[in-house]
């Protein structure tokens, strides 16, 4: 990630769009983490559900990583740190 080398001005709309995007990312990550917590609680109560629960736990980490990568990309573009 490179610095633009000079001051950067964002419009109110650009800042609001970044804030909205960040709120969406936080919301989505919280949903993924809630699934992980619920699955671990279910496993503690019903160990026989391990196969089904394990399958449900495979996606959230990848989805969290994808959310963060996409937000980083959007953020860098908004701050003109990378070419669009």
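In the working numbering, the protein residues as written are 22 to 105.
The beta-carbon is built from N, C-alpha and C at its ideal position, and this holds for glycine as well.
Give a yes or no on whether the C-beta atoms belonging to residue i and residue j are separated by under 7 angstroms.
{"i": "residue 107", "j": "residue 39", "result": "Because the chain in this structure spans residues 22 to 105, residue 107 falls outside the shown range and cannot be described."}
{"i": "residue 78", "j": "residue 60", "result": "yes"}
{"i": "residue 74", "j": "residue 89", "result": "no"}
Using CA atoms only, rank isn't needed, just tell me which of the options is closest to residue i.
{"i": "residue 93", "options": "71, 66, 43, 70", "result": "43"}
{"i": "residue 91", "options": "34, 47, 57", "result": "47"}
{"i": "residue 96", "options": "49, 37, 76", "result": "37"}
Once DSSP output is grouped into helix, strand and coil, what is the label at residue i?
{"i": "residue 56", "result": "helix"}
{"i": "residue 66", "result": "helix"}
{"i": "residue 103", "result": "coil"}
{"i": "residue 40", "result": "helix"}
{"i": "residue 89", "result": "helix"}
* Does the segment 83-102 come close enough to the segment 39-57 to have 3 or more Cβ pairs within less than 8 angstroms? -> yes
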